[in-house]
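Here's the structure, in structure tokens; my notes come after.
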């Protein structure tokens, strides 16, 4: 019975043209468009050393972590060089920024780092992220045992501070950021499969669901086998997207492929669960549900930076809770973490966030789906 | 006869509106029971409650002597349902649709293959096995809908208005198929608002309106409920007024109308009214071109019980 339902679930989903378009074709089309649109921009805006300034006030001088890190990252001729840094005062920094000689400057006031820029862009975003990361690591170190810190400060700093990949290498490319959100979007678009599978099995949602409900096959068997079929198709879609972007669009996903696969898997699971949630909780027609899902996904993609990297920066800076709850951001942020940092803390944080998000939606959906009799159908 | 289904005091309320009001009836093995009533009379709600799809406010339902519950899988295995709306997958062919739904009941592939073929033959879809639902006409879709509900050879079949919006040829095909199912031993609960179908098919009929049972019995028993017994129509020219007065005095005649050469005589209950009328015409040397009798229909019964037509 399980295999019978699994087989026909695959058949029905595979023959649903609208689903196949959104989950298989649309990400490929969008990926191709990204490639055609951004590859030229990317090559022109290849990230080299970024010109910045730092306000050399007392607070900066007293912040060993930031001071040491920017020294290392600004070392002339070093393969780790990321910034060309001018240490100056605020007036001079403002003048430099007006003359476009620097992308922005760092000012530490009241023990809080502030990045001042006059326009948005990838360099400004990188400057902000690096500063934020170093500052957070510094805070973390402050909480360590002081005597131990004193003893091992150099060692700790060298292992914890300068843990950014060489951002001038070929991996860091403007187009990559778009591809991260594209993969995250594809993971979320798998929700359409999950939603359709649930629709077909719920008596209060579809007429075929009524037929399934009056059969002697247990609800758990039909729903589980259908969801497995839809998850399999979703994974196939993601694999096709990866293969297409790697072999046709020549996207380099870096050396941590096993972590990339794990993140895509967990992201797809989260997408599937979102579909089950919308499919079971919303009592509207299938087209309305597709509209709801696409609306949710595109909003999440927008907030995660798909339509402009600065949006992610703005949200992270001003309303971080939104992106903390945004599954698309959890996936894209996981990818950023893989490429920009050697440590995996941030990566695992996103994986765990996705797992918790999936668990919560699954629990709510379970209580809706387990009903066997309905008030009205 | 064995009771297959027992429904006692079934009540279903939607926000203080009683969709089904204290319904009690039994279904006997091998019969076709018709649930006749206008749209909104509670037919589908009754079926969905019996199938344990709908929560109901009050009442008890037993099938094969056991309480019907959502997890009564042994009972469900012996039930087939043809819903009012066409319930098939647009993405599957005719054959695959029937095979899928049959597979929810029958595990064995070989047995299932035979069952699917038999269902296809029963509804006359032999030439459409590889067609997708969107390629089928309305009538053929209805036949597919039926095949999906009965392919696993259930002992009890619920047919909820299976002939709605169906062309006459397909309707005849469907009705023939239903008779065959009954002949093969199935017990059938058939809801419709087409009284002609009920008269052709059903052994017993329950007339529903506003969620309540108005009457229950065989078609003949129900027709006995109406005061009108028979209508006799005669095509006759130049009828004199005194003849009409004489007809009014014939036993059991309730009303006489004469317009445009058509004489319409309505009777109360009585036997051999047509014979008596023919004798009367002969005795009074009245020439007529045509004479025929009409028995009261279930619509007359419904009209008399509710004051409205079945299709109002």
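Residue numbers (the numbering used here), protein chains in the order written: chain A, 1058 to 1434; chain B, 45 to 356.
Think of the CB as a built atom: it goes at the ideal place given N, C-alpha and C, for glycine as much as any other residue.
- Taking 8 Å as the cut-off, the beta carbon of residue 1141 of chain A is found closer than this to the beta carbon of residue 1107 of chain A.
- Chain-order list of chain A residues neighbouring residue 123 of chain B: 1271, by C-beta distance under 8 Å.
- Counting C-beta pairs with one atom in each stretch, the segment 1352 to 1371 of chain A and the segment 1418 to 1428 of chain A have fewer than three that are closer than 8 Å, which means they do not touch.
- Listed along the chain, the chain B residues whose CB falls inside 9 Å of the CB of residue 1429 of chain A are 96, 97, 113, 114 and 115.
- Under the DSSP assignment, residue 193 of chain B falls outside any beta strand (DSSP E), being part of the alpha helix (DSSP H) whose first and last residues are 182 to 194.
- For residue 52 of chain B, the closest alpha carbon among the candidates B:112, B:74 and B:254 is that of B:112.
- Counted as a single uninterrupted DSSP element, the alpha helix (DSSP H) harbouring residue 1277 of chain A occupies residues 1276 to 1300.
- Ranked by Cα distance from residue 343 of chain B, the options B:332, B:351 and B:318 are led by B:351.
- By the beta-carbon neighbour count (other beta carbons within 10 angstroms, threshold 16), residue 188 of chain B is buried.
- If you look at residue 1170 of chain A, you'll find it in the beta strand (DSSP E) that goes 1169 to 1174.
- Leaving aside the five residues that flank residue 204 of chain B on each side, the residues in its chain whose CB is nearer than 8 Å to its CB run, in chain order, 87, 88, 91, 125, 126, 127, 128 and 235.
- Per DSSP, the beta-bridge partners of residue 259 of chain B are B:251.
- At least one CB of chain A lies nearer than 8 Å to the CB of residue 144 of chain B.
- DSSP lists no bridge partner for residue 136 of chain B.
- Three or more Cβ pairs closer than 8 Å define a contact, and the segment 306 to 320 of chain B meets that threshold against the segment 270 to 287 of chain B.
- Taking C-alpha positions only, residue 104 of chain B is separated from residue 54 of chain B by approximately 7 Å.
- In this structure, DSSP gives residue 85 of chain B a state outside helix and strand, which the three-state scheme calls coil.
- Look at residue 1065 of chain A: its C-beta is under 8 Å from a C-beta on chain B.
- Taking all protein chains shown into account, residue 1390 of chain A has 16 or more neighbouring C-beta atoms within 10 Å of its C-beta and is therefore buried.
- In the three-state DSSP reduction, residue 1125 of chain A falls in the helix class (H, G or I).
- Residue range 1314 to 1338 is occupied by the alpha helix (DSSP H) that includes residue 1332 of chain A.
- By the criterion of a C-beta distance shorter than 6 Å, residue 221 of chain B is surrounded in its chain by 166 and 167, once the five residues flanking it on both sides are discounted.
- The beta carbon of residue 84 of chain B sits no closer than 8 Å to any beta carbon of chain A.
- The segment 1248 to 1256 of chain A makes contact with the segment 1339 to 1353 of chain A: 3 or more CB pairs, one atom from each, lie closer than 8 Å.
- In this structure, residue 71 of chain B sits near residue 48 of chain B, with a CB-CB distance shorter than 8 Å.
- Residue 337 of chain B is outside the set of residues whose beta carbon lies under 8 Å from a beta carbon in chain A.
- Cβ-Cβ distances below 6 Å link residue 1269 of chain A to 1258 and 1279 in the same chain, with the five nearest sequence neighbours on each side left out; the list follows chain order.
- In the three-state reduction of the DSSP assignment, residue 63 of chain B falls in the strand class, which pools E and B.
- With contacts defined by Cβ atoms closer than 8 Å, residue 231 of chain B and residue 247 of chain B do not form a contacting pair.
- By DSSP's assignment, residue 1142 of chain A forms a beta bridge with A:1109.
- Rounded to the nearest whole angstrom, the CA to CA distance from residue 345 of chain B to residue 250 of chain B is 12 Å.
- A distance below 7 Å between beta-carbons, with the five flanking residues on each side excluded, links residue 239 of chain B to the following residues of its chain, in chain order: 80, 341, 342, 343 and 354.
- Apart from the 5 residues on each side of it in sequence, residue 1394 of chain A sits with its Cβ closer than 6 Å to the Cβ of 1403 and 1404 in its chain, given in chain order.
- Judged by pairs of C-beta atoms under 8 Å, the segment 1404 to 1413 of chain A touches the segment 1316 to 1332 of chain A, as three or more such pairs exist.
- Using a Cβ distance threshold of 8 Å, residue 202 of chain B and residue 95 of chain B count as a contacting pair.
- Annotation note: the segment 263 to 345 of chain B contains the following uninterrupted alpha helix (DSSP H) runs of length 4 or greater, listed N- to C-terminal: 263 to 267, 285 to 292 and 317 to 327.
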